[in-house]
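*Asks:* Okay, here's the structure, questions in a sec.
Numbering (our numbering), first residue to last: 1107 to 1286.
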């Protein structure tokens, strides 16, 4: 039935609002956390994802939970934060491959900490968490991995009007992230 199809996305969208509040509350103050949660609650793409019977809301929620868990783990040093972050990242990538961007961003943060010589323990714990998340993701994908590998040629660019992850659009996006 329709309710059964849409309920997981709706519940995930509510979880995402709470997780955004928690993540911001961990690194800032209550006022900014409430503002962030309110923005999340009324953001059109988030509202749409919460009403759609697809994996986008789950990806948003697991990404927000992972960020909250990473912030808490860095603040408290508790292993449970790293475990929650790893499971959230794995479930997010399982719901939609774009959630791998969360793992990439976290990995860059941990690598930067190592290069700067800051928070070495947290950086190593975070990298270990990402390895665990990658292994769990492979386990989650294992039933369909042979089919995905067989279809990998279909994931390429089919026409000049479709942006490619390895094309000029991605190059411009990466330069934009760096401020260039």
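No residue lacks a Cβ here, since even glycine has one placed at the ideal position from N, Cα and C.
Measuring CA to CA, which of 1216, 1226, 1140 and 1161 is closest to residue 1113?
*Replies:* Considering only alpha carbons, the answer is 1161.
*Asks:* Whose C-alpha, out of 1167, 1205, 1122 and 1173, is nearest the C-alpha of residue 1085?
*Replies:* The structure shown does not extend to residue 1085, since the chain is modelled only from 1107 through 1286, so no value can be given for it.
*Asks:* Could I get the ranges of all uninterrupted alpha helix (DSSP H) runs contained in the segment 1202 to 1254, with 4 residues as the minimum, in chain order?
*Replies:* Counting only runs of 4 or more, we get 1206 to 1222 and 1226 to 1247.
*Asks:* Helix, strand or coil for residue 1131? Go by DSSP, reduced to three states.
*Replies:* Looking at residue 1131 - three-state DSSP - the assignment turns out to be helix.
*Asks:* Identify which residue in 1175, 1165 and 1218 has its Cα closest to the Cα of residue 1127.
*Replies:* Closest by alpha carbon: 1175.
*Asks:* Are the CB atoms of residue 1195 and residue 1239 nearer to each other than 8 Å?
*Replies:* Contact flag set, yes.
*Asks:* Look up residue 1141 in the DSSP assignment and say whether it is helix, strand or coil.
*Replies:* DSSP places residue 1141 in helix when its eight states are reduced to three.
*Asks:* Taking the C-alpha atoms as reference points, what is the distance between residue 1181 and residue 1134?
*Replies:* Using only the alpha carbons, I get a separation of about 12 Å.
*Asks:* Under the three-state reduction of DSSP, which class applies to residue 1112: helix, strand or coil?
*Replies:* Reduced to three states, the DSSP call for residue 1112 is helix.
*Asks:* Below 6 Å CB to CB, which residues in the same chain sit around residue 1187 once its five sequence neighbours on both sides are set aside?
*Replies:* So the list reads 1175, 1178 and 1179, once near-sequence residues are dropped.
*Asks:* Using 8 Å as the threshold, is the C-beta distance between residue 1168 and residue 1115 below it?
*Replies:* Cβ distance not < 8 Å, so residue 1168 and residue 1115 don't count as in contact.
*Asks:* Rounded to a whole number of angstroms, what is the C-alpha to C-alpha distance between residue 1255 and residue 1148?
*Replies:* The straight-line gap from Cα to Cα measures roughly 38 Å.
*Asks:* Indicate the three-state DSSP secondary structure (helix, strand or coil) for residue 1146 in the structure shown.
*Replies:* Helix.
*Asks:* For residue 1198, count neighbouring C-beta atoms within 10 Å of its own C-beta (all shown protein chains included) and say buried if the count is 16 or more, exposed if not.
*Replies:* It is buried - the Cβ of residue 1198 has at least 16 other Cβ atoms within 10 Å.
*Asks:* Can you check which of these residues, 1117, 1246, 1208 and 1248, is closest to residue 1232 by C-alpha distance?
*Replies:* Nearest C-alpha to residue 1232: 1208.
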